[in-house]
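Asker: So that we are looking at the same thing, I have put the structure below in structure tokens.
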Amino acid sequence: MSSAINKQAQQVTRAFTDLSWHHISQQILSKLLLIIVTILLFFILLWIGKLIIDHLYHESNNVKFIKSSNRIATIHALILNVYRYTCYFFLLYAILSEIGVPVGTLIAGAGIFSIALGLGAQGFVSDMVNGFFILLEQQLDVGDLVQIDSIKGTVTAIGLRTTQLTGSDGTLTFIPNRNITTVQNFSRNNMASNVDIRISPETPLEQLVAVIKGSNAHLVANTPELSAAPVIVGPLTVNGQLIFRVTVTTKNGTQGAVVSKFLAAYLKALRQQHIPLAWEQPIKK
Numbered sequence: 133m134s135s136a137i138n139k140q141a142q143q144v145t146r147a148f149t150d151l152s153w154h155h156i157s158q159q160i161l162s163k164l165l166l167i168i169v170t171i172l173l174f175f176i177l178l179w180i181g182k183l184i185i186d187h188l189y190h191e192s193n194n195v196k197f198i199k200s201s202n203r204i205a206t207i208h209a210l211i212l213n214v215y216r217y218t219c220y221f222f223l224l225y226a227i228l229s230e231i232g233v234p235v236g237t238l239i240a241g242a243g244i245f246s247i248a249l250g251l252g253a254q255g256f257v258s259d260m261v262n263g264f265f266i267l268l269e270q271q272l273d274v275g276d277l278v279q280i281d282s283i284k285g286t287v288t289a290i291g292l293r294t295t296q297l298t299g300s301d302g303t304l305t306f307i308p309n310r311n312i313t314t315v316q317n318f319s320r321n322n323m324a325s326n327v328d329i330r331i332s333p334e335t336p337l338e339q340l341v342a343v344i345k346g347s348n349a350h351l352v353a354n355t356p357e358l359s360a361a362p363v364i365v366g367p368l369t370v371n372g373q374l375i376f377r378v379t380v381t382t383k384n385g386t387q388g389a390v391v392s393k394f395l396a397a398y399l400k401a402l403r404q405q406h407i408p409l410a411w412e413q414p415i416k417k
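The following block contains the structure:
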């Protein structure tokens, strides 16, 4: 028994010492150099492709009949995303092939695709499908101000998996495309906003209307963001407070600045005419 064990040990030792370590090291070194060269070529190809896509994007901005620059920016970001994913896929395929892994045989025979789906690729496929319909239906474009569920911000990128929103405070939010169910887009139509002035029961409405009309005559001529003339709604009760409302319709994205401009002009004119508001007492003459 012991002689048989010794004989097997001698055979293993002989096989180990007969190995051509020099040949093995050369093989490892050649494989390693080949992988490094492949990675370098990958980054060069990725860089050249990005340059070409960026050049085509900048050229398309100079075409006069293309109206929506946001749409072109969305397509540009999506093409870059698809190109990057494709390059990474072929890099992985090339590296596995270089180290001797039969990738094609494994995919065809071992059911790797099914395993990948079981490990979470269903979510990736859902992201891609939902992202495709978002682009097809033009729900979002890069540069649009939107609200997705409770998250509000400007669309900075639309990818195969995620959509990126940048909030007013600079927060960057990544939202998986499969989670995008309800979208509020504030950048497609003209926006109607209310200019509310708090008044008191003692405020003389006739004088108030006259002041606002006089202010509107000057403001309309100096506010190109308006898409329609201001509408004087009149006094209303909102949350138990008495207000005087004027509705302004502006181009999308400018409503905040226009409302602030009109409110400041109204308040200044009312103060000049000594018209009391909600936080002021009537001025006795």
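No gaps in the numbering here: position 263 of the sequence shown is 395 in the numbering used here, and each next residue is one more. By construction, the Cβ of each residue, glycine as well, lies at the ideal position given by its N, Cα and C atoms.
Measuring from the CB of Glu-338, is there a heavy atom of the ligand MG at a distance below 8 Å?
Answerer: Inclusion of the ligand MG in the displayed structure is not the case, the ligand content being empty and no account of it being possible.
Asker: Got a sec: is the Cβ-Cβ distance from Val-278 to anything in chain B below 9 Å?
Answerer: No chain B is part of this structure, which consists of one protein chain only.
Asker: In terms of residue numbering, what span does the alpha helix (DSSP H) encompassing Lys-400 cover?
Answerer: First-last of the alpha helix (DSSP H) with Lys-400: 387–404.
Asker: Give the range of the beta strand (DSSP E) segment to which Gly-285 is assigned.
Answerer: Where Gly-285 is concerned, the enclosing beta strand (DSSP E) stretches over 283–290.
Asker: Rounded to whole angstroms, how far is the Cβ of Asn-309 from the Cβ of Thr-294, which I believe are closer than 8 Å?
Answerer: Correct: roughly 6 Å between the Cβ atoms.
Asker: Residues in the same chain with beta-carbon distance under 7 Å from Ser-347, minus the five sequence neighbours each way, listed in chain order, please.
Answerer: Once the five neighbours on either side are set aside, the close Cβ partners of Ser-347 are Ala-397, Tyr-398 and Ala-401.
Asker: Apart from the five residues on each side of it in sequence, which residues of its chain come closer than 6 Å, Cβ to Cβ, to Leu-172?
Answerer: Taken in chain order, the list of residues that qualify is empty.
Asker: Can you tell me where the beta strand (DSSP E) holding Ser-325 begins and where it ends?
Answerer: Looking at the DSSP string, the run of the beta strand (DSSP E) that includes Ser-325 is 323–330.
Asker: Give me the DSSP bridge partner(s) of Pro-308.
Answerer: Thr-294, per the DSSP bridge assignment.
Asker: Check Gly-232 in the structure and name its three-state DSSP category.
Answerer: Here Gly-232 sits in coil by DSSP.
Asker: For Asp-328, collect the residues of the same chain with a Cβ closer than 6 Å to its Cβ; drop the 5 residues on either side in sequence, then sort them by chain order.
Answerer: Correct list, in chain order: Ile-375 and Arg-377.
Asker: From what residue to what residue does the alpha helix (DSSP H) around Val-352 run?
Answerer: Element bounds for Val-352: 337–353.
Asker: Note the first and the last residue of the continuous beta strand (DSSP E) segment covering Gly-366.
Answerer: Residues 363–370.
Asker: Is the segment 347–362 close to the segment 282–301, with three or more CB pairs under 8 Å?
Answerer: Output reads no: the segment 282–301 does not touch the segment 347–362.
Asker: Looking only at its own chain, which residues have a Cβ that is under 7 Å from the Cβ of Gln-387, when we skip the five neighbours before and after it?
Answerer: Answer for Gln-387: Met-323 and Ser-325, listed in chain order.
Asker: Assuming Thr-313 contacts Pro-408 under a Cβ cut-off of 8 Å, what Cβ separation, rounded to an integer in Å, is found between them?
Answerer: Going by Cβ atoms, the distance from Thr-313 to Pro-408 rounds to 49 Å, so no, they are not a contact pair.
Asker: By the DSSP assignment, the beta strand (DSSP E) with Ile-280 in it spans what residues?
Answerer: Per DSSP, Ile-280 belongs to the beta strand (DSSP E) from 277–280.
Asker: Within 10 Å of its beta-carbon, does Ala-360 have 16 or more other beta-carbons around it, so buried, or fewer, so exposed?
Answerer: Its Cβ having fewer than 16 others within 10 Å, Ala-360 is exposed.
Asker: DSSP three-state call for Val-261: helix, strand or coil?
Answerer: Val-261 falls in the helix class under three-state DSSP.
Asker: Around the C-beta of Ala-389, are 16 or more other C-beta atoms found within 10 angstroms, so that it is buried, or is it exposed?
Answerer: Exposed, by the Cβ-count rule.
Asker: In the DSSP output, what is Asn-213 paired with across the bridge?
Answerer: In the DSSP output, where bridge partners are listed per residue, Asn-213 has none listed.
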